[in-house]
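Residue numbers (this note's numbering): 1 to 96.
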Amino acid sequence: GESKTCRAFLTQCEIHFELQPSSFPTERSRVDYVISLLSGQARVWGTGEWARDAEICYNYKDFARELIRIFDPLLPGREATRQLMTLNQNNRRATD
């Protein structure tokens, strides 16, 4: 879905977990549920992580944190600036 709805989507999932705890007895079952509801690029990413049995698929909070980091950054401008500042060319930082 749209990146602006990522946090709201995760909140809805967490409410669902709270209302039906017996349906989600493990961290993995929570992550599996979230992945099954993803769409677009988030679904491609999530199913890729699931297929490679990534460690984050066994911890809901880690998975949610990574999903937010990739698809719903709090301050996209700051994140872009941080990434630009770490770029290297010929062993020199972009800021040199």
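Here a beta-carbon is modelled for each residue, glycine too, at the ideal position from N, C-alpha and C. Small disclaimer: the values here were computed from a predicted structure and weren't measured.
Nearest to residue i by alpha carbon, out of the options?
i: residue 29; options: 69, 16, 40; result: 16
Considering only their Cβ atoms, is the gap separating residue j from residue i smaller than 7 Å?
i: residue 6; j: residue 68; result: yes
i: residue 58; j: residue 18; result: no
i: residue 51; j: residue 71; result: no
i: residue 44; j: residue 13; result: no
Let's test the definition: count the other Cβ atoms within 10 Å of the Cβ of residue i and tell me whether it reaches 16, buried, or not, exposed.
i: residue 8; result: exposed
i: residue 46; result: buried
Ignoring anything shorter than 4 residues, give me the alpha helix (DSSP H) runs that lie fully in the stretch 9-50, in order along the chain. Fully enclosed alpha helix (DSSP H) runs of 4 or longer: 27-37.
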